[in-house]
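First up is the structure itself, then whatever we jot down about it.
Residue numbers (this note's numbering): 2 to 469.
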């Protein structure tokens, strides 16, 4: 089984370099978690360590030994630090990296002052084995959920590598080698197992990162689905033609269960005015321009009623496809309130115009009676009659102003039952028809209408008296 250790070391170098390249690319292109970058750079440092081993004999032994031990120990500490960050969310104490300084000094002395391969192996084992055992134990304790097999395998790989390193150190204590490139079977087996352990630990750590990403994605999807299912808004996912997902609120207004609605055509969900309008609405439902502009569309419900909705679209990925998520907020009631306010405003404008017109007419009559009453040749009896008419006109104006004041809360006053006969008598009394007789007769009917009805009768009588 005697193999060339330099060849195995070269394989380890290529393996570490390849793993470093893969980790760095994955770190830059995929979602990773705390500690992954430490693993990526640890692979780079490990590759440099194997490169320093291969250069043994090409560069001075002192430099090769120092660099090899420094890089291997530093890479193991970085792996331990990255694993701690990944599982515990916090780094190793900074003092751990500080131990590299006395370690390098010790290796320097064990190379120049007391040249001993076994002593250097023991020193390296003291620096390497405890961190590997610690993070291996940490990984084994963290195993839970769907990824526990991967976590156990990862922890076992790290623990196995630590045990393997300690076993080789003990073997060298009992059977000191001539050099690290000794071709005996235990040394060769160590390097072969080192390849396996490095591949296993790196592969399992990469899998752990992937599984965590998938787990978080699944949890996030579940949270968003729960949110979508609890919202009162209508939420649909579609491709512009077919509804792929709809929340229960949407299913309720369409009269379908959530499963069958997934095959529903988008056009049957809309209430277009015509074929061209349907295409316009669908384009608006698929519009995801940035910044997304809310659109107002009309949809049809199960009972055929139309609902006005404000829709906002965002592009999403659904089951591996790029689709559109549309959130439709029902603003039907808000539109009705707006229409009610618009109607109320029209009523107020009408009331204001009518009242101004009536008061202006009354003021014209008041001015005429005052002018007649102040004529020099006016008889006292006529002047008294004119003055009485002025008082009546002033009373009418006062009633009109009071009516306007009472109705200033228009829109907040509800319709009420009113007797048209009583309203007509009140209007006739306010107008003082003089020789014109107003007959109301008998009417056993009440009208449920706006309080403005009295004003309507007043204006009808006023116009009849003036122009009839």
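Idealized CB from N, CA, C, for every residue including glycine.
Note the first and the last residue of the continuous alpha helix (DSSP H) segment covering residue 154. Taking the chain shown and counting its residues from 1, the one referred to as residue 154 is at position 153. Residue 154 -> alpha helix (DSSP H) spans 149-175.
Tell whether a beta-carbon distance below 8 Å holds between residue 22 and residue 83. Counted from its first residue, the chain shown places residue 22 at position 21. Counted from its first residue, the chain shown places residue 83 at position 82. Not closer than 8 Å, so no.
Pop quiz: residue 466 and residue 434 are said to be a contact at Cβ under 8 Å. What is the actual Cβ separation, rounded to whole angstroms? As a working mapping, residue 466 is identified with position 465 in the chain shown. As a working mapping, residue 434 is identified with position 433 in the chain shown. The Cβ separation is near 6 Å, so the contact holds.
Going by DSSP, name the residue or residues bridged to residue 307. Here residue 307 refers to the residue found at position 306 of the chain shown. DSSP lists 301 as partners of residue 307.
Does residue 131 get closer than 8 Å to chain E when you measure Cβ to Cβ? In the displayed structure, chain E is absent; only one protein chain is listed.
List the endpoints of the continuous beta strand (DSSP E) containing residue 235. Counted from its first residue, the chain shown places residue 235 at position 234. From DSSP, the beta strand (DSSP E) with residue 235 extends over 235-239.
Measuring straight from C-alpha to C-alpha, what distance separates residue 163 and residue 186? Start at 1 with the first residue of the chain shown, and residue 163 comes out as number 162. Start at 1 with the first residue of the chain shown, and residue 186 comes out as number 185. Residue 163 and residue 186: Cα-Cα distance of roughly 19 Å.
Residue 81 and residue 63 look like a contact to me (Cβ under 8 Å); what is the Cβ gap, rounded to whole Å? Working through the chain shown from its first residue, we reach residue 81 at position 80. Working through the chain shown from its first residue, we reach residue 63 at position 62. That pair is no contact at about 27 Å.
Please give the ranges of any alpha helix (DSSP H) in the stretch 203-269, keeping only runs that are unbroken, at least 4 residues long and fully inside the region. 249-255
Short Cβ contact (8 Å threshold) for residue 121 with residue 108: Counted from its first residue, the chain shown places residue 121 at position 120. Counted from its first residue, the chain shown places residue 108 at position 107. Yes; because the gap between Cβ atoms is below 8 Å, this pair is in contact.
Just verifying my parser: in three-state terms, what is the DSSP assignment at residue 314? Taking the first residue of the chain shown as position 1, residue 314 is located at position 313. DSSP places residue 314 in strand when its eight states are reduced to three.
Report the CB separation of residue 72 from residue 155 in whole angstroms; it is logged as a contact under 8 Å. Locating residue 72 in the chain shown gives position 71, counting from the first residue. Locating residue 155 in the chain shown gives position 154, counting from the first residue. That pair is no contact at about 23 Å.
Between the CA atoms of residue 266 and residue 359 - distance to the nearest angstrom: Along the chain shown, read from residue 1 onward, the residue named residue 359 stands at position 358. Along the chain shown, read from residue 1 onward, the residue named residue 266 stands at position 265. Cα to Cα, residue 359 sits roughly 59 Å from residue 266.
Looking only at its chain, what residues have a beta carbon closer than 6 Å to the beta carbon of residue 405, apart from the 5 residues adjacent to it on each side? Stepping through the chain shown from its first residue, residue 405 is reached at position 404. So the qualifying residues of the chain are 356.
Within the same chain, show all residues whose beta-carbon is closer than 8 Å to that of residue 391, passing over the 5 residues directly before and after it, in chain order. Indexing the chain shown from 1 puts residue 391 at position 390. The residues are 367, 370, 371, 374.
For residue 391, which three-state DSSP category applies? Along the chain shown, read from residue 1 onward, the residue named residue 391 stands at position 390. In the structure shown, residue 391 sits in a helix (DSSP, three-state: H, G or I).
According to the neighbour-count rule (16 or more other Cβ atoms, all chains shown, within 10 Å of its Cβ), is residue 284 buried or exposed? For the purposes of this step, residue 284 is taken as residue 283 along the chain shown, with counting starting at 1. So residue 284 counts as exposed.
Does residue 310 pass the burial test, meaning 16 or more other C-beta atoms within 10 Å, or should it be called exposed? Numbered from 1 along the chain shown, position 309 holds the residue referred to as residue 310. Burial call: buried.
Distance, residue 86 Cα to residue 35 Cα: Your numbering for residue 35 matches position 34 in the chain shown. Your numbering for residue 86 matches position 85 in the chain shown. Those two C-alpha atoms are separated by around 6 Å.
Per DSSP, which residues does residue 296 bridge with? Please list them. Stepping through the chain shown from its first residue, residue 296 is reached at position 295. Paired residue(s): 312.
Residue range of the beta strand (DSSP E) that residue 52 falls in? Taking the chain shown and counting its residues from 1, one reaches residue 52 at position 51. Where residue 52 is concerned, there is no enclosing beta strand (DSSP E), although the alpha helix (DSSP H) it sits in stretches over 37-55.
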